[in-house]
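One structure below.
In UniProt numbering, the protein residues as written are 1 to 354.
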C-alpha cells in the first residue's frame, strides 16, 4: 500500500489512499476530545472531501488505542463558562452541531471506526455516518446528565430513528454504557468487527472506494463483520414498558420504585437516575418529547438554545467539578429535587412549533 498524500493539521490528520480519504482525530492524550479548533479542522476536511472528485469515500477514525472520541473537551468548556466567557462555549456548540449536521447530509459514504471510548460528541460524529463499526473495546454512551448537561449533538432526534422503543429515553437519561455488541443491538452501530485492525480496514475500503456501486463496500463490510446474537427480549420489554413515550420524570421514578418484575434492574436504574442532575434529566426528557420526529436541522437548533441555557445553570459547573475535576463524585445539585425543578415550561425553546 502506498501513502499518496498526508497532511498534519495539528489535532486532525488527513490522509488519502487512492480515492479513500481518512480523517483522523489526533488528541489521543485527551481521548480525542473535541475543541473548537478541531471542529473547524474537521469541517474543512469534510468540505474538501465532498468537493474533491477524486475522493469517493471518507473513513473517520481516532488516534490511540483507548478510544475514537470522548466527546467535547468538557474541562475547556467549563473553564470558559466559569470565567464568564459563555460566548466561547456557545461558539463550540454552534460549530459542533453544524459539523454533525453536515455529516448527516454528506454526499459520499462515511465510515466510522468507533473503537474504545465513543461518547457524547464522539457519538455525534458517528451518528450521521453510513456505517459505524463497533469493536470488542467499544464503550458507547451519552453520559451528559452525570455532569448537569443533556445528551445533545442531535441525539434527542436521531435516537428515535436508530433505536428500538424505550431505548432513546433509557440511554439519554441514564447514560448507560454500551458494549460493542450492544451498540449493534440497539442500532447505534451497523457492524461488529471485534478484531479488525486499522490497516485491514484501510485496505478493504481502498479496494472498494473506487467502485461506483455502493453495494461493493457494504458487502465487504458484511463479510468481515461478525453476527451479533439478539438481546434479552425481557430486558427490551422492560425498557419499553418503563421508558417508551414517557413525558414525566416523576412518573418514571415512581414506576421504578414500585417495580416488582426485574426488581434488581429497577432498583439499579432508579439509583442511577437519582444521582443525575434533576434539572438535566427533566430537560432531557422534555427535549426527547419535543424533538421526536422533528427534522434534524430543527433538532440541532433547539439543542443549541438548550445548551446556551443549561450552561448558565449551577448544575453544569458543579457536575464538572464533582465528576471530572475534584472527582469527589458528590455533586450538590440546585435545585436538588425533581419536584423543585418542575416541568421547565417557562423555557421558550421548549415551545417550538411542530
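Backbone N, C-alpha and C define an ideal beta-carbon position, used for all residues, glycine too.
- Using three-state DSSP, classify residue 90 as helix, strand or coil. helix
*Ends of the beta strand (DSSP E) at residue 119?*
117–119
**Item:** Where the beta strand (DSSP E) containing residue 345 begins and where it ends
**Value:** Counting along the chain, residue 345 falls outside any beta strand (DSSP E), and DSSP gives it neither H nor E.
Host alpha helix (DSSP H) of residue 320 (start-end): DSSP places residue 320 inside the alpha helix (DSSP H), whose first and last residues are 314–320.
Taking 8 Å as the threshold (C-beta atoms), are residue 39 and residue 75 in contact? no
(Q) Is it buried or exposed, residue 161, if we count other Cβ atoms within 10 angstroms and call 16 or more buried? (A) exposed
Handout entry: Assigned secondary structure, residue 275 (DSSP; H/G/I helix, E/B strand, else coil)
Key = In the three-state scheme derived from DSSP, where H, G and I count as helix and E and B as strand, residue 275 is classed as coil.
Item checked: Beta-carbon contacts of residue 190 that lie in its chain and below 6 Å, excluding the five residues immediately before and after -> 131 and 132
Close Cβ partners of residue 8 (< 6 Å) along its chain, the five nearest in sequence each way excluded
Only weak support is given to the placement of residue 8: the predicted model assigns it a pLDDT of 40, under 50, and the value that follows is read from those uncertain coordinates. If we look at residue 8 and ignore the five residues flanking it on each side, it has no Cβ neighbours.
Q. Can you tell me the Cα-Cα spacing of residue 117 and residue 258, whole angstroms?
A. 34 Å
Residue 269 beta carbon less than 8 Å from that of residue 288: Not in contact: residue 288 and residue 269 (Cβ atoms no closer than 8 Å).
Where residue 295 and residue 128 are concerned, what is the direct C-alpha to C-alpha distance, given to the nearest angstrom?
-> Answer to the nearest angstrom: the Cα atoms are 14 Å apart.
| Do residue 173 and residue 273 come within 8 Å of each other at the CB atom, strictly closer than that value? | yes
Coarse secondary structure for residue 103, derived from DSSP in three states:
helix
- Rounded to the nearest angstrom, how far is the Cβ of residue 276 from that of residue 344, given a contact under 8 Å? 15 Å between Cβ atoms; not a contact.
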